[in-house]
Amino acid sequence: MSIRLLIAEDQRLFRQSLRLLLEREPDLMVVGEATNGHEAYLLAMEQKPDVVLMDVDMPNVDGITATKLILGCSPGTKVLMLSVHDDDARIVSAVLAGASGYILKDADHQEFLRIIRETHRGKQVESPFMPDRFARRAVGAIYGEGPKKSTGLALLTEREREILSHAAAGQGNKEIADHLCVSLDTVKTHLHHIYHKLGVSGRVEAILVFLRGA
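In the working numbering, the protein residues as written are 13 to 226.
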């Protein structure tokens, strides 16, 4: 029986190219294409795909929200997030939304196909997340592997915790600066201090520490 796939991607060329790639495989069948998160939700409810290939950044309703809506009504559906970003809080948001994986758009096509098939079979695959040291730490932190609590948060000032909470909510540096009425450089300086105190290398790892310790 073919694996039924729904592609949710607003960039027409990438969406059409992806469909051509998938339909070359005898065990894969594309049952629909969506150009935004709202369409993805409606098509998922109509077509009942096995796997949704969901772009993170889409108009109308973003991929993270669409994933939550789809899985809320169809928990048996698997969602694989697609993005050009390789170090972003979207990784955390996607997993917390219930996505089964996270794939970069420049992934090798054989790896791409392998991930789809193994995800459909219910296997936990590391490759959908980032293929670097962050990937394993991110997934482990979310699902409770490793230390249960980080003491690093106790080292943060009230302002640093405030900035980190805004970052965890998905706000960019400019949004945080505007919200707190401080300069962009001030936000960047605080983030640098946060990373140092928490012993992490970047934004996403800091957010993971915050989410676990909040």
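Ideal placement from N, C-alpha and C gives every residue a C-beta, glycine not left out. Note that the coordinates shown come from a computational prediction; the quantities given were computed from them, not determined experimentally.
**Asked** If you draw a straight line from the alpha carbon of methionine 57 to that of serine 86, how long is it in whole angstroms?
**Response** 8 Å
**Prompt:** Across which residues does DSSP place alanine 46 in a beta bridge pair?
**Reply:** Ala20
**Message:** If you reduce the DSSP assignment to three classes, tell me which class tyrosine 155 lands in.
**Reply:** The predicted model places tyrosine 155 with a pLDDT of 48, which falls under 50 and marks its position as unreliable; any figure quoted below should be read in that light. Coil, per DSSP.
**Message:** Taking 8 Å as the cut-off, does the segment 169-178 touch the segment 100-116 (at least 3 CB pairs, one atom from each stretch)?
**Reply:** no
**Request:** Taking 8 Å as the threshold, find out whether the segment 31-46 comes into contact with the segment 89-97 through three or more Cβ pairs.
**Result:** no
**Request:** Compute the distance between the beta-carbons of isoleucine 82 and tyrosine 53, then report whether it is under 7 Å.
**Result:** yes
**Item:** Which of helix, strand or coil DSSP assigns to proline 140
**Value:** For proline 140, the pLDDT reaches just 45, beneath the cut-off of 50, and the residue's location in the model is therefore unreliable, leaving the point undetermined.
**Request:** From the DSSP output, in three-state form, read off leucine 33 for me.
**Result:** helix
**Message:** Rounded to the nearest angstrom, what separates serine 139 and isoleucine 127 at their Cα positions?
**Reply:** A caution first: serine 139 carries a pLDDT of 45, below 50, which makes its placement in the model unreliable, though a value can still be read off. Approximately 7 Å, taken between the alpha carbons.
**Asked** So, using beta-carbon positions, are leucine 25 and leucine 34 closer together than 7 Å?
**Response** no
**Request:** Could you spell out the range, first to last residue, of the alpha helix (DSSP H) harbouring leucine 83?
**Result:** 75-85
**Asked** For methionine 93 versus methionine 66, is the C-beta spacing smaller than 7 Å?
**Response** yes
**Asked** How many Å lie between aspartate 62 and threonine 79 at the Cα?
**Response** 13 Å
**Asked** What's the call for arginine 133, buried or exposed, on a 16-neighbour Cβ count within 10 Å?
**Response** exposed
**Asked** leucine 210 lies in the alpha helix (DSSP H); which residues open and close that run?
**Response** 196-210
**Prompt:** Of the choices Ala106, Gly110, Asp22 and Val96, whose alpha-carbon is the least far from that of aspartate 118?
**Reply:** Val96
**Proximity to alanine 180 [Cα-Cα], best of Gly211, Ala106, Gly113 and Val194** = Ala106
**Prompt:** Between the beta-carbon of lysine 200 and the beta-carbon of glycine 164, is there less than 7 Å?
**Reply:** no
**Asked** At what residues does the alpha helix (DSSP H) containing serine 213 begin and finish?
**Response** Run containing serine 213: none; DSSP gives neither H nor E here.
**Message:** DSSP three-state label for aspartate 67, please.
**Reply:** strand
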